[in-house]
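These notes concern the structure reproduced below.
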Amino acid sequence: MRKIKKAIIPAAGLGTRFLPATKAMPKEMLPILDKPTIQYIVEEAARAGIEDIIIVTGKHKRAIEDHFDNQKELEMILQEKGKTDLLEKVKYSTELANIFYVRQKEQKGLGHAIYSARQFIGDEPFAVLLGDDIVESEKPAIKQLMDAYEETGKSVIGVQEVDEANTHRYGIIDPLEKKDRKYEVNQFVEKPKQGTAPSNLAIMGRYVLTADIFDYLATQGEGAGGEIQLTDAIERLNRADQVYAYDFEGDRYDVGEKLGFVKTTIEYALKDEKIRDELAEFIQNLDLDTPRS
Ligand code: G1P
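Under our numbering, the first residue of the sequence shown is numbered -13, with each subsequent residue one higher.
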């Protein structure tokens, strides 16, 4: 079986939930403390042994390319000033993996974004990591899926439970048998209408796919929201060949919407020794009773 060495990270979305901050800046560059969210995703892939990453970008996404590139002038200044800690951090982001870029020229949905990277992938199995969730786990979430792929030779889709009330926001699976953390799947449904979801197991932004998926994406029509949906192509692949779902272990931080983003920022700040105590004191002293406008 072929080893998984390549990953696609789609980053072409408009980031409308964070406007106007994302008018001129990619949402993937919004920082949790001092690191852009996309770096957490690239770090997960690198920890899993992924060597080559293709980021699917769009308009106004140049900052992502600059972030993962060398910044020789900045590095020299930090060196001269003896700021070695910062120098290491700046260099680290350029050394994580070989990063390539392709532009999605039209906003036609996640399935279309993945299809835009097909030439880079060729006929190899590959990983996909979406940027809306940072996952913390001993074994990287994507590595858990890669291991399940190595056992089965089939595509493996990462899932986790969500509240019933939120199933309409996700791709949802109709699970069959479960063995260890792996499910056979009767059906994959993208964003089922409220009250119609076949389970509360949601596709959670981590996938290992065989290159067969490109054949289905090539002919995939519009689905939920008028977009070409990756989930719909996976559903067709599952009918022709087995596709597994894998309930991966890990703490999930939703950085794709405002409330989740703020909560994640607070949680990460509380893990940072330098600011933890003062922040905890600040939170404890917040006056939560006074109504705000
Ligand atoms: C995408 C996928 C959906 C998945 C979700 C995870 O939706 O289409 O199946 O559950 O990511 O975050 P989006 O959030 O991009 O609309």
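Even glycine gets a Cβ: it sits at the ideal position worked out from N, Cα and C. All figures in this text were calculated on a predicted structure; none of them were measured in a lab.
What number of angstroms, rounded off, separates the C-alpha of residue i from the C-alpha of residue j?
| i | j | result |
| --- | --- | --- |
| Asn172 | Lys164 | 12 Å |
| Leu5 | Thr196 | 35 Å |
| Asp237 | Lys257 | 14 Å |
| Glu137 | Asp166 | 13 Å |
| Asp218 | Ala134 | 22 Å |
| Gln180 | Asp149 | 12 Å |
| Phe54 | Ala83 | 9 Å |
| Arg262 | Asn186 | 35 Å |
| Lys(-11) | Gly139 | 10 Å |
| Asp20 | Thr251 | 10 Å |
| Pro178 | Thr153 | 7 Å |
| Ser141 | Asp233 | 14 Å |
Beta carbon of residue i: closer than 6 Å to some heavy atom of ligand 1?
| i | result |
| --- | --- |
| Tyr202 | no |
| Gly157 | yes |
| Ile189 | yes |
| Leu0 | no |
| Thr217 | yes |
| Leu96 | yes |
| Asp118 | yes |
Where does residue i land, buried or exposed, given buried means 16+ other C-beta within 10 angstroms?
| i | result |
| --- | --- |
| Phe174 | buried |
| Thr23 | buried |
| Met(-13) | exposed |
| Asn224 | buried |
| Arg192 | buried |
| Phe86 | exposed |
| Ile50 | buried |
| Pro111 | buried |
| Lys47 | buried |
Look at residue i and residue j and say whether their C-beta atoms are less than 7 Å apart.
| i | j | result |
| --- | --- | --- |
| Ile199 | Tyr156 | no |
| Ile128 | Ala(-2) | no |
| Ile159 | Ala231 | yes |
| Leu216 | Leu116 | no |
| Tyr254 | Ile(-6) | no |
| Ile63 | Val241 | no |
| Glu30 | Pro126 | yes |
| Glu176 | Ala210 | yes |
| Ser79 | Gln146 | no |
So residue i packs on residue j, CB below 8 Å; how close in whole Å?
| i | j | result |
| --- | --- | --- |
| Ser102 | Val42 | 5 Å |
| Asp38 | Lys94 | 24 Å between Cβ atoms; not a contact. |
| Leu131 | Gly144 | 5 Å |
| Val76 | Gln90 | Val76 to Gln90, Cβ: 28 Å. No contact. |
| Ile107 | Leu203 | Not confirmed; about 11 Å, so no contact. |
| Ala7 | Leu16 | 7 Å |
| Ser123 | Glu235 | 5 Å |
Using beta carbons (cut-off 7 Å, strictly below), is residue i in contact with chain D?
| i | result |
| --- | --- |
| Glu51 | In the structure shown, chain D does not exist; there is a single protein chain. |
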